[in-house]
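Asker: Let me give you the structure first, and then I'll get to my questions.
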Amino acid sequence: MEAAIREVLAAHGRLPVDAHTLGEEDDLAEAGLTSHALVNVMLALEEEFDLEFPESVLREKSTFQSIGSIADVIRDLTASQAAS
Amino acid sequence: MRVMELPTCRTGVDLVEVSSVATSIERFGDRYLHRVFTEQELASSGSGADKRLASLAGRFAAKEATMKVLQVPGPGLDWRSIEVVRHSSGACTLRLTGAAGELARQAGLSGFSVSITHEAGLAVAVVMAVAAGPAPQPDDVADCHCTRTGET
């Protein structure tokens, strides 16, 4: 999953650094992820993982903080979808 | 002696590359447009392609600037809960609904005002609001809101 998230960041994050070189806990805002690029990353992740980020998740500071935090949120959302 | 608690202002600013909006529309189409903008915003964003892109970029910048005023901790709210309304005079105002409206009420914020401009492929928006209550003291200041997007 982390690899897929990196590919999305590389394709849509418009980062000044190579997304493949980012650590899982590296802060994506510090790495240059802008507010508008985050929208594209979100939409691409929703396509990739066939889910939709609810607003409650978007309001959490940690959601898109790092590759690791994104993976955690997606796992939780995917598990919730499977359970419902 | 009674101390007067004067209202304070909160300010937010955001900068968006117009080309990034074009890229989003090209890649994600209506999913992007309808996730970020209201029907009213899409209808009022101008007719020419370049003008429309610049207008949408300005509206997005206004939404992000408003989120900074609201001190939203995470990536954002439903972007459509912050709506830019353009008037016949050319001036814009903000309409906050849903989660954005609730945050504004909880924070005692009112008198939202916005100013948007775009040139040379960039759109900038500044938003201000009045907060009831005393200004925060230096020890009360938490994270700088400029770290929302990593932009300075």
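Protein sequence lines, in the order shown, are assigned to chains A and B.
If you use the working numbering, the first sequence corresponds to residues 2 to 85, in order.
If you use the working numbering, the second sequence corresponds to residues 126 to 277, in order.
Here a beta-carbon is modelled for each residue, glycine too, at the ideal position from N, C-alpha and C.
Fair warning: this is a prediction, and the values are worked out from it, not measured in the lab.
Measuring only between beta-carbons, confirm whether residue 40 of chain A sits less than 8 angstroms from chain B.
Answerer: Yes, its Cβ sits closer than 8 angstroms to a Cβ of chain B.
Asker: Out of A/43, A/5, A/23 and A/52, which one is the CA nearest neighbour of residue 81 of chain A?
Answerer: Out of A/43, A/5, A/23 and A/52, A/52 has the C-alpha closest to the C-alpha of residue 81 of chain A.
Asker: Report yes or no: do three or more beta-carbon pairs, one from the region 64-71 of chain A and one from the region 180-190 of chain B, lie closer than 8 angstroms?
Answerer: No, the region 64-71 of chain A is not in contact with the region 180-190 of chain B.
Asker: Please return the same chain residues whose Cβ sits closer than 6 angstroms to the Cβ of residue 192 of chain B, not counting the five positions on each side in sequence.
Answerer: Closer than 6 angstroms at Cβ, skipping near neighbours: 201.
Asker: Name, please, each residue of chain B whose Cβ falls closer than 8 angstroms to the Cβ of residue 15 of chain A.
Answerer: Correct list: 145.
Asker: Mind pulling the beta strand (DSSP E) runs of 3 or more residues that sit fully within the region 19-64 of chain A?
Answerer: Segments of the beta strand (DSSP E) lying fully in the region 19-64 of chain A: there are none.
Asker: If you follow the alpha helix (DSSP H) that residue 226 of chain B is part of, which residue opens it and which one closes it?
Answerer: Unbroken alpha helix (DSSP H) run through residue 226 of chain B: 223-231.
Asker: Return helix, strand or coil for residue 140 of chain B, following the three-state DSSP convention.
Answerer: The answer is strand: DSSP assigns residue 140 of chain B an E or B state.
Asker: Counting only C-beta atoms, is residue 21 of chain A closer than 8 angstroms to chain B at any point?
Answerer: Judged by the 8 angstroms Cβ criterion, residue 21 of chain A is not in contact with chain B.
Asker: Using 8 angstroms as the threshold, is the region 39-54 of chain A in touch with the region 2-9 of chain A, meaning 3 or more CB pairs across them?
Answerer: The region 39-54 of chain A is in contact with the region 2-9 of chain A.
Asker: Would you call residue 189 of chain B buried or exposed, if buried means 16 or more other Cβ atoms sit within 10 Å of its Cβ?
Answerer: That one is buried.
Asker: Residue 195 of chain B and residue 250 of chain B look like a contact to me (Cβ under 8 angstroms); what is the Cβ gap, rounded to whole Å?
Answerer: So it is not a contact: roughly 14 angstroms between Cβ atoms.
Asker: Does residue 52 of chain A come within less than 8 angstroms of chain B when only Cβ atoms are used?
Answerer: By this cut-off, residue 52 of chain A is not an interface position.
Asker: Check each candidate in A/64, A/18 and A/30 and name the one with the smallest Cα separation from residue 46 of chain A.
Answerer: Ranking A/64, A/18 and A/30 by Cα distance to residue 46 of chain A puts A/64 first.
Asker: What did DSSP end up calling residue 212 of chain B once you bin it into helix, strand or coil?
Answerer: The answer is coil: DSSP assigns residue 212 of chain B none of H, G, I, E or B.
Asker: Using the C-alpha atoms, what's the distance from residue 255 of chain B back to residue 132 of chain B?
Answerer: In a straight line, the C-alpha of residue 132 of chain B is about 6 angstroms away from that of residue 255 of chain B.
Asker: Residues bridged to residue 135 of chain B by DSSP?
Answerer: Per DSSP, B/254.
Asker: By Cβ distance below 8 angstroms, which residues in the same chain neighbour residue 165 of chain B in space, the five residues on each side in sequence not counted?
Answerer: The residues are 208 and 210.
Asker: Under a Cβ-count criterion, where at least 16 other Cβ atoms within 10 Å of its own Cβ denotes burial, should residue 235 of chain B be classed as buried or exposed?
Answerer: So residue 235 of chain B ends up on the exposed side.
Asker: Have a look at B/186, B/216 and B/135 and flag the residue whose alpha-carbon is nearest the alpha-carbon of residue 247 of chain B.
Answerer: Out of B/186, B/216 and B/135, B/186 has the C-alpha closest to the C-alpha of residue 247 of chain B.
Asker: Between the C-alpha atoms of residue 158 of chain B and residue 84 of chain A, what's the straight-line distance to the nearest angstrom?
Answerer: Taking the straight line from one Cα to the other gives about 31 angstroms.
Asker: Is residue 235 of chain B close to chain A? Criterion is C-beta to C-beta, closer than 8 angstroms.
Answerer: Judged by the 8 angstroms Cβ criterion, residue 235 of chain B is not in contact with chain A.
Asker: Could you tell me which residues DSSP pairs with residue 13 of chain A in its beta bridges?
Answerer: In DSSP, residue 13 of chain A forms no bridge with anything.
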